[in-house]
Amino acid sequence: QKEVEQDPGPLSVPEGAIVSLNCTYSNSAFQYFMWYRQYSRKGPELLMYTYSSGNKEDGRFTAQVDKSSKYISLFIRDSQPSDSATYLCAMSHLQKLVFGTGTRLLVSP
Amino acid sequence: EAGVTQFPSHSVIEKGQTVTLRCDPISGHDNLYWYRRVMGKEIKFLLHFVKESKQDESGMPNNRFLAERTGGTYSTLKVQPAELEDSGVYFCASSQVGGNYGYTFGSGTRLTVV
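Residue numbers (the working numbering), protein chains in the order written: chain A, 58 to 166; chain B, -1 to 112.
Structure, rendered in structure tokens:
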């Protein structure tokens, strides 16, 4: 069983839609939870991180962590074509990141 | 501020050959990490340097992989001899302080072993 499970998609939405991306995990030792965005032929770029449980908002992006359910989410409001990318959840313990496989998001104009 | 630079961006080699990947971290970043994504799989940790010392190399797949960071600046990852299953994208990341977030990733080296 993988430590982090993430639906690979692709997820196709029209411009302006609310997008919900999710990951589940099995290791209760994870304390930091991150979302990375990766464009084609580029490296992962940190979007947001959350420590322990709770919500965090940054512009159109909201990250949620529910440690009791071992479930994390990223919401994107008013999605734009420029949001089209692969979104990777990642969790860390002892300075090592454990990634999900990534969800490919396509936002059509 | 220049980002994390990796080269080559793409390398195609034959099975049994040797390949050396290079990573130049952001200047002043003591922490340097190598990660790898094999086709269809998630990105996985390989190892972590603090300056020139290996802090954690628990993710290195086998002794065909050798990572170095002489002088605590750039790092190299050598694969010798390369096998077909080594194909994938190798990412380098750096951070100023050790921690569990805040890494800056390079664009990766796409390695194809044929």
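The beta carbon of each residue, even a glycine, is placed where N, CA and C say it ideally should be.
Can you confirm whether Pro67/A, when its beta carbon is compared against all beta carbons of chain B, has any partner nearer than 8 Å?
In the first sequence, residue 67/A corresponds to position 10, counting from 1. Output row for Pro67/A: interface = no.
Relative to chain A, which residues along the region 47 to 67 of chain B have a C-beta separation below 9 Å, given in chain order?
Per Cβ criterion, the list reads Gln53, Asp54, Ser56, Gly57.
Interface positions of the region 96 to 120 of chain A facing chain E (Cβ-Cβ less than 8 Å), listed along the chain
Chain labels in this structure do not include chain E; the protein chains are A and B.
Check whether the region 86 to 93 of chain A and the region 101 to 109 of chain A touch, using three or more Cβ-Cβ pairs below 8 Å as the test.
Touching, yes, given that three or more Cβ pairs across the two stretches are closer than 8 Å.
Could you spell out the range, first to last residue, of the beta strand (DSSP E) harbouring Lys113/A?
Your numbering for residue 113/A matches position 56 in the first sequence. Lys113/A -> beta strand (DSSP E) spans 111 to 115.
Ser139/A - DSSP class collapsed to helix/strand/coil:
In the first sequence, the residue the question calls residue 139/A occupies position 82. In the structure shown, Ser139/A adopts helical secondary structure according to DSSP, grouped into three states.
Contact check, Val122/A vs Ile129/A, beta carbons under 8 Å
Locating residue 122/A in the first sequence gives position 65, counting from the first residue. Locating residue 129/A in the first sequence gives position 72, counting from the first residue. Note that the C-beta distance between Val122/A and Ile129/A is below 8 Å.
Quick one: any contact between the region 90 to 98 of chain B and the region 6 to 17 of chain B, if contact means 3 or more CB pairs under 8 Å?
In the pairwise beta carbon analysis, the region 90 to 98 of chain B is classified as not touching the region 6 to 17 of chain B: fewer than three pairs are separated by under 8 Å.
Give the secondary structure of Asp54/B by DSSP, where H, G and I count as helix, E and B as strand, and everything else as coil.
Counted from its first residue, the second sequence places residue 54/B at position 56. In the three-state reduction of the DSSP assignment, Asp54/B falls in the strand class.
What first and last residue would you give for the beta strand (DSSP E) that runs through Val77/B?
The count along the second sequence starts at 1 and reaches residue 77/B at position 79. In the DSSP annotation of this structure, the continuous segment of the beta strand (DSSP E) that includes Val77/B starts and ends at 73 to 77.
Beta strand (DSSP E) containing Gly86/B: first to last residue?
Against the second sequence, residue 86/B aligns to sequence position 88. Note, Gly86/B: beta strand (DSSP E), 86 to 93.
Against chain A: residues of the region 96 to 107 of chain B by CB proximity under 9 Å:
Under the 9 Å Cβ criterion, the region 96 to 107 of chain B contributes Gly96, Gly97, Asn98, Tyr99, Gly100, Tyr101, Thr102, Phe103, Gly104, Ser105, Gly106.
Could you give the DSSP three-state label for Leu151/A: helix, strand or coil?
Taking the first residue of the first sequence as position 1, residue 151/A is located at position 94. Per DSSP, reduced to three states, the secondary structure at Leu151/A is coil, with no helix or strand assignment.
Once DSSP output is grouped into helix, strand and coil, what is the label at Thr110/B?
The residue labelled residue 110/B in the question sits at position 112 within the second sequence. Of the three classes helix, strand and coil, the one that applies to Thr110/B here is strand, per DSSP.
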